[in-house]
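Each residue of the sequence shown is one higher than the last, beginning at 175 in my numbering. These notes are about the structure you will find just below.
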Amino acid sequence: MLSPGPGRTNPNRTGRSGEPHLTVHTYSGSFLLHLSLRRTLPALAALGIAVGAPLLTAGTAHAVGERLCGDTSVQYSVDGGKTWVDNGRMSEPHGVIQVRLAGDAGEGCDYKISLASYDTEGPTWATSGKQTFLGWATTTLNHEKRQATLDIAADLPKCFGQIDLYNGDKKFDGVANPAPKYPNGVFPDNLIAAWNGGKACAPTPTGTPTVPVPTSSASPTATATPHPTPSASATATATATPSSTAKPSASPTTTGTPSATPSHAATPTSPAPSTSADTTGPVGKPTAKPVSTTPAQTLASTGGNSTQLIAYAAGGAALLAIGAGALVTARRRAARR
């Protein structure tokens with residue numbers, strides 16, 4: 175017959191009085207510890223799950239909850255801010271252009287905009303040929319700085335040229351990045367506005383103009399000296415009016431007149447008249463694109479709290495592992511008894 179467990183009454187045993195006798199057993203320390211673990215470890219495991227799971231997903235939930243950066247509208251002014259436009263083509267070359275964000279810009283969202291000028295070989299995009307970089311300016315707009323000025327006035331094209339207002343801070347100078355060259359534009363999706371036009375430069379003389387030195391044939395001949403020889407009719411019976419033939423030769427012969435127009439090796443020509451702006455070139459879009467779709471402060475916040483987040487997550491995972499391990503151990507011990 176099995177003996178009763180600790181703390182139980184054996185109905186088959188009686189005391190001296192014939193009444194059932196209660197046998198009290200003393201619990202060992204290991205049994206109390208085992209009982210305590212069996213009651214505590216499930217709660218510890220539940221605590222590890224409750225603490226660790228939310229921490230492991232906190233970073234993702236935080237990032238998803240933040241507002242992302244997106245495209246916004248942009249305008250520019252060529253008259254010092256008096257008027258603002260969003261035309262994709264400029265009718266004239268401008269060296270000083272103000273830009274501003276006309277749409278919503280979230281906190282931590284940056285928008286870089288640049289202005290560049292080039293010499294070209296023709297007045298249109300299709301005839302621009304090789305483009306030579308002249309100058310460049312860039313700025314960063316955001317929620318706090320919504321307006322700025324781009325200045326390339328010292329680098330405007332003198333003859334045929336091109337000016338581009340575009341998204342980004344890359345310099346397309348033919349060195350760091352390729353210069354524009356028809357038909358391949360370097361910023362087809364980032365162009366805000368552009369201009370093509372100008373005039374042909376005056377041709378360079380092929381030689382130095384020289385003024386010829388007058389030769390002996392250019393000097394007045396002896397026939398240039400008046401000869402007041404009276405005519406044969408001018409006799410002793412002189413008349414009151416001398417004969418017309420008695421008039422001296424009033425002008426020298428044509429051989430005595432120096433050449434009035436010196437000959438030149440090359441005659442300079444005046445510059446060709448200005449051509450109208452090209453209206454067939456690429457048309458920009460009044461859109462500013464963000465540097466990143468994630469706001470700057472979100473990146474900084476996530477990076478700043480990453481160490482603490484990792485520590486909390488590790489602690490929760492450790493509690494979970496300890497609780498699960500202890501629970502398995504307790505069940506094995508119970509099974510052996």
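Where is the CB? At the ideal position from N, CA and C, for every residue including glycine. All values derive from a computational prediction rather than experimental measurement.
Which of the three DSSP states is assigned to residue i in this structure?
i	result
aspartate 260	coil
aspartate 329	helix
arginine 140	Only positions 175 to 511 of the chain appear in the structure, and residue 140 is not among them; the question remains open.
alanine 470	helix
valine 252	coil
valine 465	coil
threonine 246	strand
glycine 455	coil
threonine 397	Annotation note: pLDDT 49 at threonine 397 (below 50); position unreliable, coordinate value reported separately. Three-state result, threonine 397: helix.
serine 425	In this prediction, serine 425 scores a pLDDT of 48, lower than 50, which makes its location untrustworthy; no coordinate-derived value is stated.
For residue i, I'd like the list of residues in its chain whose CB is within less than 6 Å of its CB, leaving aside the five on either flank, ordered along the chain.
i	result
serine 418	Bear in mind that the predicted position of serine 418 carries a pLDDT of just 43, short of 50, making it unreliable; the figure below should be weighed with that in mind. Cβ neighbours of serine 418 beyond the five flanking positions: none.
glycine 542	Examination of residue 542 is not possible in this model, given that the chain is present from 175 through 511 alone.
cysteine 375	Cys333
arginine 274	Gln249, Arg320, Gln321
serine 393	With a pLDDT of 49 at serine 393, under the threshold of 50, the predicted position of this residue should be treated as unreliable, though the coordinate-derived value follows. Nothing listed; no residue qualifies.
threonine 467	Leu242, Cys243
asparagine 364	Tyr340, Asn341, Gly342
lysine 463	Asp245, Asn341
aspartate 260	Gln249, Pro460
Closest to residue i by CA distance: which of the options is it?
i	options	result
tryptophan 310	Ala279, Leu330, Asp284	Leu330
glutamine 321	Pro352, Thr313, Thr306	Thr313
glycine 348	Gly254, Leu289, Val360	Val360
threonine 454	Thr246, Trp258, Tyr356	Tyr356
proline 362	Phe346, Lys304, Lys256, Cys375	Phe346
tryptophan 369	Asp338, Ala328, Leu324, Thr323	Asp338
glycine 254	Glu295, Val270, Gly296	Val270
alanine 525	Pro267, Lys256, Ile287	Any question about residue 525 goes unanswered here, given that the chain covers just 175 to 511.
proline 297	Ser265, Ala350, Val259	Ser265
glycine 342	Leu315, Ala328, Gln336, Thr323	Leu315
alanine 546	Tyr292, Asn351, Asp278, Asn358	Any answer about residue 546 is impossible in this case: the structure gives the chain only from 175 up to 511.
alanine 290	Asn351, Cys283, Arg506, Thr257	Asn351
alanine 327	Tyr340, Leu308, Lys344	Leu308
aspartate 325	Ser288, Gly371, Ala353	Ser288
serine 302	Gly372, Val259, Gln272, Cys283	Gly372
glycine 272	Gly282, Lys304, Cys283, Thr323	In the sequence on display, residue 272 carries glutamine and not glycine. For glutamine 272, the nearest C-alpha among the options comes from Thr323.
aspartate 155	Arg506, Arg505, Val465	This structure cannot speak to residue 155, because the chain is shown only from 175 to 511.
alanine 353	Thr380, Lys304, Gly335	Lys304
Between which two residues does the beta strand (DSSP E) holding residue i run?
i	result
tryptophan 299	That residue, tryptophan 299, is in no beta strand (DSSP E); it is neither H nor E in DSSP.
phenylalanine 307	306 to 315
asparagine 370	365 to 371
Opposite residue i in the DSSP bridges: which residues?
i	result
lysine 355	Asn358
isoleucine 287	Thr313, Asn341
threonine 323	Gln272
glycine 348	Glycine 348 is not bridged to any residue.
glycine 303	Answer is none; glycine 303 lacks a bridge partner.
glycine 335	Asp293, Gly371
Residues in the same chain with beta-carbon distance under 7 Å from residue i, minus the five sequence neighbours each way, listed in chain order, please.
i	result
glycine 280	Arg241, Cys243, His317, Pro469
threonine 461	Asp245, Ser247, Val248
glycine 277	Thr246, Ser247
threonine 257	Ser251
threonine 306	Tyr292, Asp293
lysine 344	Asn351
If I measure Cβ to Cβ from residue i and keep anything under 8 Å in the same chain, skipping five residues before and after, which residues do I get?
i	result
alanine 235	For alanine 235, the predicted model reports a pLDDT of 45, less than 50, meaning its position is unreliable; a value from the coordinates is still stated below. Nothing listed; no residue qualifies.
When the cut-off is 9 Å and only beta carbons count, does residue i lie next to chain C?
i	result
threonine 257	Checking the listed chains, one finds no chain C in this structure; it contains a single protein chain.
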